[in-house]
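At position 93 of the sequence shown (counting the first as 1) the number is 94 in our numbering, and the numbers step up by one without a gap. Scroll down for the structure; my scribbles are underneath it.
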Amino acid sequence: MHFILEAGRKSPSSFGMEPWKFLVVTNDELREKLRPVCWDQPQITTCSHLVIILAAIDAVKVESGIPMKRFARREMPQEKKDYYINLYANHLKETLSSDKNIYAWTSKQSYIACSNMMTAAAFIGIDSCPIEGYEKEKVEAVLGLDTSKYQVSMVLPFGYRINPQSSQLRIPFNEAVEFIK
(Lines of atoms letter the chains of each structure in order from A; the text may use other names.)
(Lines give C-alpha, C1' and ligand atoms only; values in the text may rest on other atoms or scores of the structure.)
Protein backbone atom coordinates (compact mmCIF):
# COMPACT_ATOMS: atom_id res chain seq x y z
CA MET A 2 0.00 0.00 0.00
CA HIS A 3 2.92 2.30 0.68
CA PHE A 4 3.93 2.15 -3.02
CA ILE A 5 0.41 3.19 -4.06
CA LEU A 6 0.21 6.03 -1.53
CA GLU A 7 3.67 7.27 -2.54
CA ALA A 8 2.46 7.46 -6.16
CA GLY A 9 -0.29 9.78 -4.94
CA ARG A 10 1.97 11.79 -2.65
CA LYS A 11 4.52 12.37 -5.40
CA SER A 12 1.92 13.45 -7.95
CA PRO A 13 2.22 16.79 -9.68
CA SER A 14 -0.19 19.59 -8.84
CA SER A 15 -0.87 23.12 -10.00
CA PHE A 16 1.62 25.56 -8.43
CA GLY A 17 3.07 22.56 -6.55
CA MET A 18 0.44 23.04 -3.84
CA GLU A 19 -0.31 19.32 -3.28
CA PRO A 20 -3.80 20.21 -2.02
CA TRP A 21 -4.75 16.77 -0.73
CA LYS A 22 -4.66 14.36 2.14
CA PHE A 23 -5.21 10.60 2.01
CA LEU A 24 -7.11 8.89 4.84
CA VAL A 25 -6.47 5.14 4.84
CA VAL A 26 -9.41 3.49 6.58
CA THR A 27 -8.80 -0.09 7.72
CA ASN A 28 -11.13 0.07 10.74
CA ASP A 29 -14.05 -2.29 10.00
CA GLU A 30 -16.47 -0.47 12.30
CA LEU A 31 -15.83 2.85 10.58
CA ARG A 32 -16.19 1.26 7.14
CA GLU A 33 -19.56 -0.20 8.21
CA LYS A 34 -20.67 3.35 9.10
CA LEU A 35 -19.40 4.70 5.77
CA ARG A 36 -21.05 2.09 3.56
CA PRO A 37 -24.67 3.36 3.81
CA VAL A 38 -23.59 6.92 2.96
CA CYS A 39 -21.55 5.59 0.03
CA TRP A 40 -24.66 4.35 -1.76
CA ASP A 41 -24.24 0.96 -0.05
CA GLN A 42 -21.44 -0.01 -2.40
CA PRO A 43 -19.94 -3.34 -1.27
CA GLN A 44 -16.33 -2.31 -1.98
CA ILE A 45 -16.47 0.01 1.04
CA THR A 46 -16.49 -2.95 3.42
CA THR A 47 -14.88 -5.67 1.28
CA CYS A 48 -11.71 -3.90 0.12
CA SER A 49 -8.46 -4.37 1.98
CA HIS A 50 -7.72 -0.62 2.11
CA LEU A 51 -10.23 2.18 1.76
CA VAL A 52 -8.61 5.48 0.90
CA ILE A 53 -10.65 8.63 1.35
CA ILE A 54 -9.19 11.40 -0.79
CA LEU A 55 -9.53 14.79 0.83
CA ALA A 56 -9.30 18.14 -0.91
CA ALA A 57 -7.33 20.58 1.24
CA ILE A 58 -9.35 23.78 1.51
CA ASP A 59 -7.54 25.89 4.10
CA ALA A 60 -4.03 24.82 3.07
CA VAL A 61 -4.18 26.59 -0.29
CA LYS A 62 -5.17 29.96 1.18
CA VAL A 63 -2.30 32.44 1.37
CA GLU A 64 -3.19 33.38 4.95
CA SER A 65 -2.57 29.76 6.08
CA GLY A 66 1.14 30.22 5.37
CA ILE A 67 1.31 26.86 3.61
CA PRO A 68 1.60 28.25 0.06
CA MET A 69 4.65 30.25 1.19
CA LYS A 70 6.21 27.05 2.56
CA ARG A 71 5.51 25.27 -0.73
CA PHE A 72 7.16 28.06 -2.73
CA ALA A 73 10.07 28.36 -0.26
CA ARG A 74 11.20 24.78 -0.93
CA ARG A 75 11.83 25.55 -4.60
CA GLU A 76 15.42 26.03 -5.63
CA MET A 77 15.25 29.37 -7.42
CA PRO A 78 16.14 33.01 -6.76
CA GLN A 79 13.89 34.82 -4.28
CA GLU A 80 12.67 37.29 -6.92
CA LYS A 81 11.37 34.38 -8.99
CA LYS A 82 9.69 32.89 -5.91
CA ASP A 83 8.09 36.28 -5.23
CA TYR A 84 6.83 36.35 -8.83
CA TYR A 85 5.15 32.94 -8.40
CA ILE A 86 3.72 33.88 -5.02
CA ASN A 87 2.11 36.99 -6.57
CA LEU A 88 0.86 34.95 -9.52
CA TYR A 89 -0.64 32.43 -7.11
CA ALA A 90 -2.19 35.11 -4.88
CA ASN A 91 -3.85 36.69 -7.93
CA HIS A 92 -5.09 33.25 -9.04
CA LEU A 93 -6.70 32.80 -5.64
CA LYS A 94 -8.25 36.27 -5.65
CA GLU A 95 -9.59 36.08 -9.21
CA THR A 96 -10.52 32.42 -9.58
CA LEU A 97 -10.76 30.88 -6.15
CA SER A 98 -12.72 33.56 -4.34
CA SER A 99 -14.83 31.19 -2.22
CA ASP A 100 -14.46 27.87 -0.42
CA LYS A 101 -16.80 26.38 -3.04
CA ASN A 102 -14.43 27.44 -5.83
CA ILE A 103 -11.41 26.30 -3.82
CA TYR A 104 -13.05 22.89 -3.33
CA ALA A 105 -13.70 22.60 -7.08
CA TRP A 106 -10.04 23.36 -7.83
CA THR A 107 -8.45 21.26 -5.08
CA SER A 108 -10.77 18.37 -5.86
CA LYS A 109 -9.63 18.42 -9.50
CA GLN A 110 -6.04 18.53 -8.33
CA SER A 111 -6.61 15.53 -6.05
CA TYR A 112 -7.87 13.53 -9.04
CA ILE A 113 -4.34 13.68 -10.46
CA ALA A 114 -3.10 11.92 -7.33
CA CYS A 115 -6.00 9.44 -7.51
CA SER A 116 -5.17 8.55 -11.11
CA ASN A 117 -1.55 7.95 -10.24
CA MET A 118 -2.51 5.76 -7.28
CA MET A 119 -4.86 3.69 -9.44
CA THR A 120 -2.19 3.26 -12.12
CA ALA A 121 0.42 2.29 -9.51
CA ALA A 122 -2.00 -0.24 -8.02
CA ALA A 123 -2.77 -1.76 -11.42
CA PHE A 124 0.96 -2.00 -12.12
CA ILE A 125 1.40 -4.29 -9.10
CA GLY A 126 -1.82 -6.26 -9.69
CA ILE A 127 -4.10 -4.51 -7.19
CA ASP A 128 -7.54 -3.35 -8.27
CA SER A 129 -9.16 -0.05 -7.44
CA CYS A 130 -12.61 1.42 -7.87
CA PRO A 131 -12.94 5.22 -7.94
CA ILE A 132 -16.20 6.13 -6.23
CA GLU A 133 -18.01 9.43 -6.54
CA GLY A 134 -21.31 7.88 -5.49
CA TYR A 135 -21.53 9.04 -1.89
CA GLU A 136 -23.32 11.60 0.25
CA LYS A 137 -20.50 14.09 0.73
CA GLU A 138 -21.73 15.86 3.87
CA LYS A 139 -22.64 12.57 5.56
CA VAL A 140 -19.25 10.99 4.76
CA GLU A 141 -17.57 14.09 6.18
CA ALA A 142 -19.73 13.84 9.31
CA VAL A 143 -18.90 10.14 9.83
CA LEU A 144 -15.21 11.01 9.51
CA GLY A 145 -15.58 14.02 11.84
CA LEU A 146 -13.92 16.34 9.34
CA ASP A 147 -13.48 20.06 9.84
CA THR A 148 -14.75 20.99 6.37
CA SER A 149 -13.11 24.41 6.52
CA LYS A 150 -9.83 22.46 6.27
CA TYR A 151 -10.66 19.28 4.34
CA GLN A 152 -13.54 18.02 2.23
CA VAL A 153 -14.07 14.62 0.62
CA SER A 154 -13.07 14.50 -3.02
CA MET A 155 -13.24 10.78 -3.78
CA VAL A 156 -13.61 7.41 -2.10
CA LEU A 157 -11.06 4.94 -3.44
CA PRO A 158 -11.11 1.26 -2.41
CA PHE A 159 -8.08 -0.96 -3.14
CA GLY A 160 -7.81 -4.74 -3.06
CA TYR A 161 -7.74 -7.95 -5.03
CA ARG A 162 -10.79 -8.86 -7.07
CA ILE A 163 -12.87 -11.85 -6.08
CA ASN A 164 -14.41 -12.51 -9.50
CA PRO A 165 -12.85 -12.40 -12.97
CA GLN A 166 -12.96 -8.98 -14.59
CA SER A 167 -15.84 -8.36 -16.96
CA SER A 168 -15.15 -7.14 -20.48
CA GLN A 169 -13.90 -3.59 -20.61
CA LEU A 170 -16.28 -1.70 -22.84
CA ARG A 171 -14.77 1.49 -24.18
CA ILE A 172 -15.49 3.76 -27.11
CA PRO A 173 -13.17 3.17 -30.08
CA PHE A 174 -9.79 4.95 -30.08
CA ASN A 175 -10.69 7.14 -33.07
CA GLU A 176 -13.79 8.42 -31.25
CA ALA A 177 -11.88 9.20 -28.06
CA VAL A 178 -8.82 10.73 -29.71
CA GLU A 179 -8.61 13.42 -32.36
CA PHE A 180 -5.34 14.62 -33.84
CA ILE A 181 -5.25 18.27 -34.91
CA LYS A 182 -2.65 18.98 -37.57
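Ideal Cβ placement from N, Cα and C applies to all residues, glycine included. Please read all numbers here as calculations on a predicted model, not as lab measurements.
Per-residue DSSP class, three states only, for residue i
i, result
"Phe159", "strand"
"Gln152", "strand"
"Lys22", "strand"
"Ile58", "coil"
"Ile1", "Limits of the chain in this structure are 2 at one end and 182 at the other, which puts residue 1 out of reach."
"Ser116", "helix"
"Arg108", "Note on identity: in this sequence residue 108 is Ser, with Arg being the wrong assignment. If DSSP states are grouped into helix, strand and coil, Ser108 belongs with the helices."
Cut-off 8 Å between Cβ atoms - residues of its own chain near residue i, not counting five sequence neighbours on either side
i, result
"Leu6", "Phe23, Val25, Val52 and Met118"
"Ala73", "Lys82"
"Lys137", "Gln152 and Val153"
Proximal residues to residue i (C-beta, below 7 Å), its chain only, five neighbours per side dropped
i, result
"Asp59", "Ser65, Ser149 and Lys150"
"Ala121", "Phe4, Ile5 and Ala8"
Residue i and residue j closer than 8 Å at C-beta
i, j, result
"Ser154", "Ser98", "no"
"Leu157", "Ile54", "yes"
"Gln42", "Gly134", "yes"
Residues near residue i by beta carbon distance below 6 Å, same chain, minus five either side
i, result
"Ala114", "Gly9, Ser12 and Trp21"
"Ile67", "Ala60"
When the options are compared against residue i, the one with the closest alpha-carbon
i, options, result
"Ser14", "Glu138, Ala90, Arg71 and Pro43", "Arg71"
"Met2", "Pro43, Ala142, Phe124 and Ala177", "Phe124"
"Leu31", "Val143, Arg171, Ile163 and Asn164", "Val143"
Straight-line Cα distance separating residue j from residue i
i, j, result
"Thr46", "Asp29", "7 Å"
"Asp128", "Phe16", "30 Å"
"Tyr85", "Thr96", "16 Å"
"Leu93", "Cys39", "32 Å"
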